[in-house]
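Q: I have a structure I would like to understand better, so I am pasting it below and will then ask my questions one at a time.
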Amino acid sequence: MKLFDVYPLNDITITKAQGSYVWDDNGVQYLDMYGGHAVISIGHTHPHWVKRIEEQLEKIAFYSNSVHIPLQQQLADKLAKVSGKEDYQLFLVNSGAEANENALKLASFHTGRKKIVAFTKGFHGRTSLAVAATDNPKIIAPVNETDNVDFLPFNDEAALKAYFQTKGKHVAAVIIEGIQGVGGINLATESFLQLIRRLCDQHDAVFIADSVQCGYGRSGMFFAHDYAGVNADIYTMAKGMGNGFPVGAILIAPHIKPKHGMLGTTFGGNHLACAAALAVLEVIEEEKLIDIAKQRGMYLLNRLKAIDGIENVRGRGLMIGFDVPNELKDLRKKLLNDFFIFTGEAKPNTIRLLPALTITRKQVDEFLDTLKEAIGELKAKSATQNA
Ligand SMILES: Cc1ncc(COP(=O)(O)O)c(C=O)c1O
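Numbered according to this note's numbering, the sequence shown spans residues 498 to 884.
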């Protein structure tokens, strides 16, 4: 049987990983500045995470949500403490799209309304409503097309106010990433997030903070939206939550009330996923990874700003992007193939850095030195070609 060929692949097979390094089947070591797409939060194969999962596996991996699973409550308690959203409720799922799908559905149940406000360059996943709220027509199948989602320009306060003035009473939810990931590392301004809060309050709409990529401490705060000093009604999470174990969740404000049967999932909240997610939070707390993400991110950002040739360096914590001019368009490929460093991309010309929150200062320096060398080589090549 052939694999369904939907992923453009790098010709690399990773067989081993530890911390911020991975190794291929030829033993070549790579520095992982991509975190397997922002998934690796506490470092690859962190010993505490491995131990927690192994120990859980020996006891029980799965039973359905028809019985008590005390690990879910332990996870809820720990999440309340680490996120600071003490009075929120937890619903566990398996992925980012599923988290957003449930958040949007819950907002609609709660308000009895249909309209979703989403923003240009936003990405919320590939399931039906999540993809409909994603600003990329190429991945929206005809069956997912809906008039229920309206796209407004990101960070445009006047457009948002005008929209609410005419359609406010129909809005079930506004969904926004604190820092757009797939869209190219674009920060939602604090005043924009504050305005969303105000308008949702005035019109009884639900504010959904998509924290699937920018959450879980990556930005230097637990949720990137926290920088605005306002709370969302629902936070969606996945990626960093399991450090590679598939787990997602939504945090739900206390005024949104549950009803039996309203939401559900077979695998969500299984024993093994809870053990993995607990291990991640324990390590985040123990190793003070949110502070580290903030400090190391600031250092990386400032050092990047001083590098000649790259443009528009931006981000928060360890979620950083920069643009490369045409002369350096092969930079990402070069970093991977010649210097063995994984980075992320956002089309057309953005490089995304999403390393583990455990990345060391030495590894950051290793990256910066290599980046300068790679830029130097590409510039020299371009100069010879133009001579
Ligand atoms: C902001 C955001 N939301 C949702 C998703 C979808 O998550 P998943 O791929 O786990 O379904 C992603 C994935 O990249 C994302 O970046």
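Even for Gly, the Cβ is constructed at its ideal location relative to N, Cα and C. Note that the structure is a prediction, hence the values are computed from the model and not measured.
#1: Please go through the same chain and pick out, in chain order, the residues whose beta-carbon is closer than 6 Å to the beta-carbon of residue 584, but skip the five residues on each side of it.
#2: Give me the Cβ distance between residue 549 and residue 803, rounded to the nearest whole Å; I'm assuming they're in contact under 8 Å.
#3: State the beta-bridge partners of residue 847 as determined by DSSP.
#4: If I'm right that residue 669 touches residue 756 with Cβ under 8 Å, what's the distance once you round it to whole angstroms?
#5: Could you pull the DSSP bridge partners for residue 668 from this structure?
#6: Is the beta carbon of residue 517 within less than 6 Å of some heavy atom of ligand 1?
#7: Report back the beta-carbon spacing between residue 588 and residue 769 to the nearest angstrom; my notes put them in contact at under 8 Å.
#8: Starting from residue 830 and walking both ways along the beta strand (DSSP E), at which residues does that stretch end?
#9: Using C-beta distances below 8 Å, list every residue in its chain close to residue 824, excluding the 5 sequence neighbours before and after it, in chain order.
#10: Ligand 1 and residue 621: does any heavy atom of the ligand fall closer than 6 Å to the residue's C-beta?
#11: CB of residue 630 to nearest heavy atom of ligand 1: below 6 Å?
#12: For the stretch 742-806, which segments carrying the beta strand (DSSP E) assignment without a break, of at least 3 residues, lie completely within its bounds, in sequence order?
#13: From residue 727 to residue 691, what does the alpha carbon distance come to, in whole angstroms?
#14: Short of 6 Å in beta carbon distance, which residues of its chain neighbour residue 630, apart from the five on each side in sequence? Order them along the chain.
#15: Measuring CA to CA, which of 846, 866, 814, 821 is closest to residue 854?
#16: For ligand 1, is there any heavy atom lying closer than 6 Å to the beta carbon of residue 598?
#17: Note the first and the last residue of the continuous beta strand (DSSP E) segment covering residue 733.
#18: Taking all protein chains shown into account, decide if residue 793 is buried (16 or more other Cβ within 10 angstroms of its Cβ) or exposed.
#19: Counting only runs of 3+ residues fully inside the stretch 684-720, write out the beta strand (DSSP E) ranges in chain order.
#20: Using the beta-carbon count (16 or more within 10 Å), is residue 563 buried or exposed?
#21: CB-CB under 7 Å to residue 606, same chain, minus the five flanking residues each way: which ones, in chain order?
#22: Rounded to whole angstroms, what's the CA-CA distance from residue 503 to residue 636? Just pull it up for me.
#23: If we call anything under 7 Å between Cβ atoms a contact, is residue 598 one with residue 624?
#24: Are the CB atoms of residue 827 and residue 809 within a distance shorter than 7 Å?
#25: Out of 842, 869, 847, 881, which has the shortest C-alpha to C-alpha gap to residue 505?
#26: Start and end of the alpha helix (DSSP H) containing residue 550?
#27: Using 10 angstroms around the beta-carbon of residue 529, count the other beta-carbons present and answer buried if the total reaches 16, otherwise exposed.
#28: Please state whether the Cβ-Cβ distance between residue 600 and residue 733 is less than 7 Å.
#29: Residue ranges of each alpha helix (DSSP H) run of no fewer than 4 residues wholly in the stretch 563-634, ordered along the chain?
#30: Should the stretch 691-705 be regarded as contacting the stretch 646-660, the criterion being three or more beta carbon pairs within less than 8 Å?
#31: Cβ of residue 780 within 7 Å of Cβ of residue 534?
#32: For residue 838, count neighbouring Cβ atoms within 10 angstroms of its own Cβ and tell me buried if that reaches 16, exposed if not.
#33: Within 10 angstroms of its Cβ, does residue 554 collect 16 or more other Cβ (buried), or is it exposed?
#34: Please report how far the alpha carbon of residue 650 lies from the alpha carbon of residue 679, in whole angstroms.
#35: Helix, strand or coil for residue 503 per DSSP?
#36: Assign residue 743 to buried or exposed, taking buried as 16 or more other Cβ atoms, counted over all protein chains shown, within 10 Å of its Cβ.
A: Here's the rundown:
#1: For this step, residue 584 is matched to residue 87 along the sequence shown. Hits under 6 Å: 751.
#2: By one-based count along the sequence shown, residue 549 stands at place 52. By one-based count along the sequence shown, residue 803 stands at place 306. With 8 Å as the limit, residue 549 and residue 803 do not qualify as a contact, their Cβ atoms being about 40 Å apart.
#3: On the sequence shown, residue 847 is found 350 positions in, with the first residue counted as 1. Beta-bridge pairing links residue 847 to 820, 843.
#4: Here the question's residue 669 lines up with position 172 in the sequence shown. Here the question's residue 756 lines up with position 259 in the sequence shown. Rounded, the Cβ-Cβ distance is 17 Å, inconsistent with contact.
#5: Position 171 of the sequence shown, counted from the first residue, corresponds to residue 668. Residue 668 is bridged to 612.
#6: Translated into the one-based positions of the sequence shown, residue 517 becomes position 20. Checking every heavy atom of ligand 1 against the Cβ of residue 517, none is found closer than 6 Å.
#7: By one-based count along the sequence shown, residue 588 stands at place 91. By one-based count along the sequence shown, residue 769 stands at place 272. With 8 Å as the limit, residue 588 and residue 769 do not qualify as a contact, their Cβ atoms being about 18 Å apart.
#8: Translated into the one-based positions of the sequence shown, residue 830 becomes position 333. Looking at the DSSP string, residue 830 is not in any beta strand (DSSP E); the run it does join, the alpha helix (DSSP H), is 828-834.
#9: The count along the sequence shown starts at 1 and reaches residue 824 at position 327. For residue 824, where only same-chain residues beyond five positions count, the Cβ hits under 8 Å are 806, 875, 876, 879.
#10: On the sequence shown, position 124 is the one that residue 621 refers to. Result yes, Cβ under 6 Å from ligand 1.
#11: By one-based count along the sequence shown, residue 630 stands at place 133. Not so, every heavy atom of ligand 1 lies at least 6 Å from the Cβ.
#12: 745-749
#13: Within the sequence shown, numbered from 1, the residue matching residue 727 stands at position 230. Within the sequence shown, numbered from 1, the residue matching residue 691 stands at position 194. C-alpha of residue 727 to C-alpha of residue 691: approximately 6 Å in a straight line.
#14: By 1-based counting over the sequence shown, the position of residue 630 is 133. 613, 615, 621, 646, 672.
#15: Locating residue 854 in the sequence shown gives position 357, where the first residue counts as 1. The candidate whose alpha carbon is nearest that of residue 854 is 814.
#16: As a first step, residue 598 is located in the sequence shown; it is residue number 101 there, counting from the start. The answer is no for residue 598.
#17: Counting from one through the sequence shown, the residue named residue 733 turns up at place 236. Element bounds for residue 733: 731-734.
#18: Translated into the one-based positions of the sequence shown, residue 793 becomes position 296. Its Cβ being crowded by 16 or more others within 10 Å, residue 793 is buried.
#19: Listed in chain order, they are 703-707.
#20: Mapped onto the sequence shown, residue 563 falls at position 66. Exposed, because fewer than 16 other Cβ atoms sit within 10 Å of the Cβ of residue 563.
#21: Locating residue 606 in the sequence shown gives position 109, counting from the first residue. The residues are 759.
#22: Here residue 503 refers to the residue found at position 6 of the sequence shown. Here residue 636 refers to the residue found at position 139 of the sequence shown. Roughly 12 Å separates the two Cα atoms.
#23: By one-based count along the sequence shown, residue 598 stands at place 101. By one-based count along the sequence shown, residue 624 stands at place 127. Contact flag set, yes.
#24: As a working mapping, residue 809 is identified with position 312 in the sequence shown. As a working mapping, residue 827 is identified with position 330 in the sequence shown. In this structure, residue 827 does not lie closer than 7 Å to residue 809 by Cβ.
#25: For the purposes of this step, residue 505 is taken as the residue at position 8 of the sequence shown. It is 842.
#26: Walking along the sequence shown from the start, residue 550 turns up at place 53. Taken as a continuous stretch (DSSP letters only), the alpha helix (DSSP H) holding residue 550 covers 544-556.
#27: Along the sequence shown, read from residue 1 onward, the residue named residue 529 stands at position 32. So residue 529 counts as buried.
#28: One-based indexing of the sequence shown puts residue 600 at position 103. One-based indexing of the sequence shown puts residue 733 at position 236. Yes, the Cβ-Cβ distance between residue 600 and residue 733 is below 7 Å.
#29: Segments of the alpha helix (DSSP H) lying fully in the stretch 563-634: 567-580, 593-608, 625-629.
#30: yes
#31: Sequence index remark: in the sequence shown, residue 780 carries index 283 (1-based). Sequence index remark: in the sequence shown, residue 534 carries index 37 (1-based). The answer is no: Cβ separation not under 7 Å.
#32: Taking the sequence shown and counting its residues from 1, one reaches residue 838 at position 341. By the 10 Å Cβ count, residue 838 comes out buried.
#33: Taking the sequence shown and counting its residues from 1, the one referred to as residue 554 is at position 57. By the neighbour-count rule (16 or more Cβ atoms within 10 Å), residue 554 is not buried but exposed.
#34: The sequence position of residue 650 within the sequence shown is 153, counting from 1. The sequence position of residue 679 within the sequence shown is 182, counting from 1. Near 16 Å, if we compare the C-alpha coordinates of residue 679 and residue 650.
#35: For the purposes of this step, residue 503 is taken as residue 6 along the sequence shown, with counting starting at 1. Reduced to three states, the DSSP call for residue 503 is coil.
#36: The count along the sequence shown starts at 1 and reaches residue 743 at position 246. Residue 743 is buried by the Cβ-count criterion.
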